[in-house]
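Below: one structure, written as structure tokens.
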Amino acid sequence: MDKYRLDGHKLYWHLDRLQVWQSGDNIAPIYVEISPVSYCNHKCIFCGLDFAQSSPKSLDTDVTSERIFEMGKLGVKSIMFAGEGEPLLHKGLSKWVETAKQNDIDVSITTNGGPGSKELWGRLIPHLTWLRFSVDAGSSSVYSKVHSVQDSDFEKTLQSIRDSITIRDKVGNCTIGVQYLMIRDNLADIENAIRLFSEVGVDYISLKPYSEHPQMLNKSGFNYSEEDISHVQEIVSSYQARGGKTRIIFRKAATTNYTESGKKFSHCQALPFWGYISSSGDFHTCSVFLNDERFKVGNIYTDSMKDIFFGEKRISSIAYGACDLEVGYECRVNCRMARINEFLEFLNNRPEHINFI
3 MDKYRLDGHK
13 LYWHLDRLQV
23 WQSGDNIAPI
33 YVEISPVSYC
43 NHKCIFCGLD
53 FAQSSPKSLD
63 TDVTSERIFE
73 MGKLGVKSIM
83 FAGEGEPLLH
93 KGLSKWVETA
103 KQNDIDVSIT
113 TNGGPGSKEL
123 WGRLIPHLTW
133 LRFSVDAGSS
143 SVYSKVHSVQ
153 DSDFEKTLQS
163 IRDSITIRDK
173 VGNCTIGVQY
183 LMIRDNLADI
193 ENAIRLFSEV
203 GVDYISLKPY
213 SEHPQMLNKS
223 GFNYSEEDIS
233 HVQEIVSSYQ
243 ARGGKTRIIF
253 RKAATTNYTE
263 SGKKFSHCQA
273 LPFWGYISSS
283 GDFHTCSVFL
293 NDERFKVGNI
303 YTDSMKDIFF
313 GEKRISSIAY
323 GACDLEVGYE
333 CRVNCRMARI
343 NEFLEFLNNR
353 PEHINFI
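Residue numbering for the sequence shown is 3 to 359, as defined by the working numbering.
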């Protein structure tokens, strides 16, 4: 069982915000992603945001801290630091994480782990809800190929993960997982990864389907066959049958959805519930459409979060997504809000006689 519901959504636990949205009022996002920098120490061959890494940009530490404070006051519940580049490369990250936690915002980081150290984890982990390492390999040779780094970098990443677990066990209850993005170049390494990271002692391994970003430069056209899906399921089932402690989360439903290439919703109604701050400080209602004026609704250097969340630009962008966006061909398959969109479309298709439950 996936107790984290990585293949689903958690809007059921935010019915108060959902009710306000249903009434037609504008709402602050529940969840915001922040991209601290536009540059990365790796050059992964599957990077969906490779188009955004052309020039080095980074968020101002003090301005971002102030905006995080404002987000807490306005009702944002969670922030994930990830984005266009490697978040650990920003020297202000630990200040932001601490500021968010002090303002009742749950905090997470998705990282390749390379710049991690005991000292850095010691500052971050006490304030984190979860920490996820994007590793995508179970051996140094595959890691080198997929992340476009030296073979020796694999051991550095492993040590960073081990250090984070050591710190976590001393100072916090942060959930630590490994993400494995399944592509043609690493499918044969999945069993090695499950064995290795189970021994390392992570809480879970998420086997995630590839999803081609409309703007990405290095498109592969990769898809999954029924044999691929069955093979991965056999590996996972075999591990689970042996009673391993690490949770193996095969995102089978999302993988199947990607294979079918269809969407089970006709409009994007999820934009009110989340947002994305780019390394330039632009606030987007959807991260798929970076630098697209339809979805760029403010900037943290010139606008307060209240002005962004409740301003006319965001209201118009949300309305555009719900009414005019052609999700059938403009949007990414398995976008972050896909399951929420399916739920909201179901909710809006109100049947007759609802009191006969």
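Just so it is clear, CB atoms sit at the ideal spot from N, CA and C, and this is done for glycine as well.
Considering only the alpha carbon of each residue, which of the options lies closest to residue i?
i, options, result
"L13", "S227, D309 and K79", "K79"
"F224", "I279, F48 and A321", "F48"
"I81", "F275, V109 and K298", "V109"
"G116", "K45, P128 and K97", "K45"
"Q21", "F358, Y33 and N350", "N350"
"H392", "P353, E354 and R338", "Look at the range of the chain in this structure, 3 to 359, and you will see that residue 392 is not part of it."
"K97", "A139, P38 and S154", "P38"
"A195", "T177, F252, E229 and V173", "F252"
"E328", "T177, R296, G313 and G300", "R296"
"F285", "L273, H269, P274 and I302", "I302"
"F311", "R7, Y278, E236 and T159", "Y278"
"L183", "P216, V151, V234 and E229", "V234"
"G85", "C325, I178, R316 and S281", "S281"
"E72", "D18, A102 and T113", "A102"
"A340", "G87, V290 and D171", "V290"
"K265", "E88, G50, P216 and V335", "V335"
"I185", "R7, S227, T168 and T177", "S227"
"N114", "T159, T63 and K93", "T159"
Should residue i go down as buried or exposed, given a rule of 16 or more other Cβ atoms within 10 Å for buried?
i, result
"K188", "In the sequence on display, residue 188 carries Asn and not Lys. Looking at its Cβ environment, which holds 16 or more other Cβ atoms inside 10 Å, N188 is buried."
"N175", "exposed"
"Q271", "buried"
"S240", "exposed"
"I368", "Missing from the structure shown is residue 368; the chain here goes from 3 to 359 and no further."
"N293", "exposed"
"A321", "exposed"
"A190", "exposed"
"K210", "buried"
"T304", "exposed"
"R352", "exposed"
"C288", "buried"
"G283", "buried"
"D52", "buried"
"G26", "exposed"
"Y331", "exposed"
"E157", "exposed"
"S213", "buried"
"H325", "The sequence as given places Cys at residue 325; His does not occur at that position. The residue is exposed, with fewer than 16 neighbouring Cβ atoms inside 10 Å."
"E201", "exposed"
"L1", "Beyond the ends of the chain as shown, which are 3 and 359, falls residue 1; an answer cannot be given."
"G245", "exposed"
Leaving out five residues on either side along the sequence, give the residues of the same chain with a beta carbon under 8 angstroms from the beta carbon of residue i.
i, result
"I356", "none"
"S57", "S40"
"I231", "K254, T257, T258 and T261"
"I250", "I196, Y206, I207, L209, V238, Y241 and Q242"
Among the residues of its own chain, which have a CB less than 6 angstroms from the CB of residue i, if the five just before and after it don't count?
i, result
"F267", "N343, E344 and E347"
"V180", "F135, V137, F199, V204 and I207"
"D165", "K120 and W123"
"W276", "P31 and Y33"
"V144", "N188 and D191"
"V151", "H44"
"K298", "D284 and H286"
Using a Cβ-Cβ cutoff of less than 7 angstroms, which residues in the same chain neighbour residue i once the five nearest sequence positions on both sides are dropped?
i, result
"H16", "I32"
"S141", "D191 and N194"
"G118", "L90, S162, D165 and S166"
"K221", "E214"
"G128", "Looking at the sequence shown, residue 128 is not Gly but Pro. Hits under 7 angstroms: V173 and G174."
"W147", "The amino acid at residue 147 is misidentified as Trp; the sequence shows Lys. D187."
"I169", "K120, W123, G124 and I127"
Per DSSP, which residues does residue i bridge with? Please list them.
i, result
"S40", "Looking at the DSSP assignment, S40 forms no beta bridge with any residue, so it has no partner."
"N301", "D284"
"M184", "P211"
"I178", "L133"
"Y206", "G179 and R249"
"E295", "Looking at the DSSP assignment, E295 forms no beta bridge with any residue, so it has no partner."
"V34", "I81 and G277"
Is the Cβ of residue i closer than 8 angstroms to any Cβ of chain C?
i, result
"A195", "Looking for chain C here will not work: only one protein chain is present."
Confirm the yes/no value for this check: CB of residue i, any heavy atom of the ligand GDP, distance under 7 angstroms.
i, result
"S37", "Ligands displayed in this structure: none; no statement on the ligand GDP is therefore possible."
*Complete beta strand (DSSP E) runs within the segment 210-290 (minimum length 3 residues, chain order)*: 249-252, 276-279 and 284-286
*For the segment 53-139, list the beta strand (DSSP E) runs that are entirely contained and at least 3 residues long, ordered along the chain.*
80-83, 108-113 and 132-136
*asked:* So within the segment 138-167, which uninterrupted alpha helix (DSSP H) runs reach at least 4 residues, ignoring any that extend past its ends?
replied: 142-149
_My parser needs the alpha helix (DSSP H) runs of 4 or more residues fully inside the segment 300-344; what are they?_
You should have 307-311, 314-325 and 329-332.
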